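Novice: The structure's right below; bear with me while I get my questions together.
Numbering (the numbering used here), first residue to last: 775 to 864.
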């Protein structure tokens, strides 16, 4: 999810290990890239679905960003905006 969703801290998303690492150590990543925007699927998933339909794609594999669904891990509540996003995507 980190490599394609983007939407860093949007709609209640919490930090994940890669968010922390890339922001605290930008010199350890070639050209300082991070997943703040990535390919921005969080905002563009409807366009992605249209493209998949146009191409005749009949399956799709996704990853769930648990920091979007459970922004404080098991010690906090559920982020219903994250659930809404995944429900819309599915």
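Glycine included, each C-beta is placed from N, C-alpha and C at the ideal position.
Keep in mind it's a predicted model, so treat the numbers as computed, not measured.
Give the straight-line distance between the Cα atoms of residue 794 and residue 827, rounded to the nearest whole angstrom.
Specialist: Straight-line Cα distance between these residues: approximately 35 Å.
Novice: Measuring only the C-alpha atoms, how far is residue 776 from residue 831?
Specialist: Straight-line Cα distance between these residues: approximately 22 Å.
Novice: Using a threshold of 8 Å, state whether the C-beta atoms of residue 787 and residue 841 are closer than that.
Specialist: Going by C-beta atoms, residue 787 is nearer than 8 Å to residue 841.
Novice: Just the Cα atoms here: how many angstroms apart are residue 784 and residue 855?
Specialist: When rounded, the distance between both Cα atoms is 9 Å.
Novice: In whole angstroms, what is the alpha-carbon distance linking residue 862 and residue 838?
Specialist: Cα to Cα, residue 862 sits roughly 13 Å from residue 838.
Novice: Using a 10 Å radius around the Cβ and a threshold of 16 neighbouring Cβ atoms, would you call residue 859 buried or exposed?
Specialist: Residue 859 comes out buried.
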